[in-house]
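> One gets our numbering by counting positions in the first sequence from 1 and adding 25 to each.
All C-beta atoms, glycine included, are put in the ideal place defined by N, C-alpha and C.
As the structure is a computational prediction, the values presented were derived from the model and not from experiment.
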Amino acid sequence: VLRDAADVLREVSVDEAYLDASDRTSWDRVPGEDRRLAEGYARHVKSRIGREAGVPASVGVAPSMSAAKVASDHDKPDGLVVVPPGEVREFLAPLPVEAVHGVGPVTASTLAEMGVETAGDVAAADPTVLRERFGERGRTLYDRARGVDDRPVTPRGRPKSLSRESAFADATDDHERVRERARGLAADVAERARSEGALYRTTGVKIVEPPFDVSTRARSLPGPVDDPELVRETALDLLSEFADATVRKVGVRLSKLSFADAKQSSLDGWTGDGSGSPHSTGRDGQASLEEFDG
DNA sequence: TGGTTTAGACC
DNA sequence: CCGTTTCTAAACCA
Numbered sequence: 026v027l028r029d030a031a032d033v034l035r036e037v038s039v040d041e042a043y044l045d046a047s048d049r050t051s052w053d054r055v056p057g058e059d060r061r062l063a064e065g066y067a068r069h070v071k072s073r074i075g076r077e078a079g080v081p082a083s084v085g086v087a088p089s090m091s092a093a094k095v096a097s098d099h100d101k102p103d104g105l106v107v108v109p110p111g112e113v114r115e116f117l118a119p120l121p122v123e124a125v126h127g128v129g130p131v132t133a134s135t136l137a138e139m140g141v142e143t144a145g146d147v148a149a150a151d152p153t154v155l156r157e158r159f160g161e162r163g164r165t166l167y168d169r170a171r172g173v174d175d176r177p178v179t180p181r182g183r184p185k186s187l188s189r190e191s192a193f194a195d196a197t198d199d200h201e202r203v204r205e206r207a208r209g210l211a212a213d214v215a216e217r218a219r220s221e222g223a224l225y226r227t228t229g230v231k232i233v234e235p236p237f238d239v240s241t242r243a244r245s246l247p248g249p250v251d252d253p254e255l256v257r258e259t260a261l262d263l264l265s266e267f268a269d270a271t272v273r274k275v276g277v278r279l280s281k282l283s284f285a286d287a288k289q290s291s292l293d294g295w296t297g298d299g300s301g302s303p304h305s306t307g308r309d310g311q312a313s314l315e316e317f318d319g
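1) Please go through the same chain and pick out, in chain order, the residues whose beta-carbon is closer than 6 Å to the beta-carbon of V70, but skip the five residues on each side of it.
2) Residues in the same chain with beta-carbon distance under 6 Å from Y43, minus the five sequence neighbours each way, listed in chain order, please.
3) Among E138, L282, D40, R278, whose alpha-carbon lies nearest the alpha-carbon of G209?
4) With distances taken Cα to Cα, identify the nearest neighbour of A93 among R202, E142, R156, A46.
5) What residues in its chain sit with their C-beta under 8 Å from that of R219, if we drop five residues either side in the sequence?
6) Which residues in the same chain have their Cβ closer than 6 Å to the Cβ of R169, if we skip the five residues on either side of it in sequence?
7) Check each candidate in K281, T143, G140, L263 and name the one with the smallest Cα separation from P247.
8) Starting from the C-beta of R181, find all residues in its chain whose C-beta is less than 7 Å away, skip the five residues before and the five after it, and write them out in chain order.
9) State the DSSP-derived secondary structure class of G299, mapped to helix, strand or coil.
10) I'd like the list of long-range same chain contacts for G301, defined as Cβ closer than 6 Å, with 5 residues on each side in sequence excluded.
11) What residue from V230, A87, A96 has the CA that sits closest to P109's CA?
12) Measure the C-alpha to C-alpha separation of G127 and A137 and round it to an integer number of angstroms.
13) Please report the distance separating the alpha-carbon of V26 from that of E77.
14) Would you be able to state if there are at least three C-beta pairs under 8 Å between the segment 142-152 and the segment 110-122?
15) Could you check which residue in V55, G229, V39, F193 has the C-alpha nearest to that of F317?
16) Classify A42 as helix, strand or coil using the three-state DSSP reduction.
17) Which runs of the beta strand (DSSP E) fall wholly inside the segment 233-270 and span at least 3 residues, in chain order?
18) How many Å lie between E161 and D32 at the Cα?
19) Compare the beta carbon distance of T228 and V272 with 9 Å and say whether it is the shorter of the two.
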């Protein structure tokens, strides 16, 4: 659907994607009006989504991915927001920090304690201080709030891990029940790995004890394997440490994946382009974010 | 440096 | 809104 709206497409999830529209449109003003050509492009894409997929979409057009994300969120279910280069910072300034991609509840409340409430506050803050509090994320946050983001839109690569977890209706201290559930999850992920052509080197488990006490354990092998039985055994073994725990949720994860990358199967997953060309585009490119609401 | 664990975020 | 899936970064250790 969006495939022919742009050359570079990154699907974030089933209902969200970034397009690099640099080659299809421009930021030039529509003569005499305070509109950009890109707005027409976006309107076209949006209406095609409506017509061909039958769902409304929120579209944000901006010079970077992070700004496009905020723009598309800005007028949620059915919006179209265009933020031209040079206007990103002032567009973001009045918005609450949570609007910035990468800021969740924890970061937001930490910022609030520092007296930082809007994206504009972040942009005006001392980057050194942000860096001290939040590490690398602080720097990123500062840049984002100022409209600085030169990440190219790249198609999604191979997953780095596969996992499966499931929660109990209410927490159980019956370890055998936990083991039973884990066996199912182990079989599920292992099967999924196989169907996706993934070999794995690490098997991990995760347990959540009420209320939110998360523990993970993992064990790695010297080399990649496809061995469902081993996954099950390893998972159960790792779980034995938690035999006395009260468990609300249990999960099994496979990581350090490698892909045989043999030939076929793979349903519509990736279209024929070989993998691997990171594809860097110019810094004054544009990203637009489409989001569908069902 | 590479392996493991945790935290936080995202949809 | 919660539960699930995947990611990134940081901290620690060997």
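In short:
1) In the first sequence, the residue the question calls residue 70 occupies position 45. In chain order, A30 place their CB closer than 6 Å to the CB of V70, counting only its own chain and leaving out the 5 sequence neighbours on each side.
2) Here residue 43 refers to the residue found at position 18 when the first sequence is read from its first residue. Taken in chain order, the residues that qualify are R35, M90, V178, A312, L314.
3) Translated into the one-based positions of the first sequence, residue 209 becomes position 184. Ranking E138, L282, D40, R278 by Cα distance to G209 puts R278 first.
4) Position 68 of the first sequence holds residue 93. The shortest C-alpha separation from A93 is found at A46.
5) Along the first sequence, one-based indexing puts residue 219 at 194. Here R219 has D251, P253 as same chain residues with Cβ atoms under 8 Å from its own Cβ, once five neighbours each way along the sequence are excluded.
6) Position 144 of the first sequence, counting from 1, holds the residue named residue 169. Excluding residues within five positions, the ones whose Cβ falls inside 6 Å are S91, V125.
7) Stepping through the first sequence from its first residue, residue 247 is reached at position 222. Ranked by Cα distance from P247, the options K281, T143, G140, L263 are led by K281.
8) Numbered from 1 along the first sequence, position 156 holds the residue referred to as residue 181. Here the set comprises R35, E36.
9) Counting from one through the first sequence, the residue named residue 299 turns up at place 274. Any reading at G299 must be qualified, since the residue scores a pLDDT of 37, below 50, and its modelled position is unreliable; no value is offered.
10) On the first sequence, position 276 is the one that residue 301 refers to. Because G301 sits at a pLDDT of 36, beneath the cut-off of 50, its placement in the model cannot be relied upon, and the point is left open.
11) In the first sequence, residue 109 corresponds to position 84, counting from 1. P109 has its Cα closest to that of A87, out of V230, A87, A96.
12) Within the first sequence, numbered from 1, the residue matching residue 127 stands at position 102. Within the first sequence, numbered from 1, the residue matching residue 137 stands at position 112. Taking the straight line from one Cα to the other gives about 15 Å.
13) Locating residue 26 in the first sequence gives position 1, where the first residue counts as 1. Locating residue 77 in the first sequence gives position 52, where the first residue counts as 1. Approximately 8 Å, taken between the alpha carbons.
14) yes
15) Mapped onto the first sequence, residue 317 falls at position 292. Ranking the options by Cα distance to F317, first place goes to V39.
16) Position 17 of the first sequence, counting from 1, holds the residue named residue 42. Note: A42 maps to strand in three-state DSSP.
17) 238-250
18) Mapped onto the first sequence, residue 161 falls at position 136. Mapped onto the first sequence, residue 32 falls at position 7. E161 and D32: Cα-Cα distance of roughly 31 Å.
19) Numbered from its first residue, the first sequence carries residue 228 at position 203. Numbered from its first residue, the first sequence carries residue 272 at position 247. Taking 9 Å as the Cβ cut-off, T228 and V272 do not qualify as a contacting pair.
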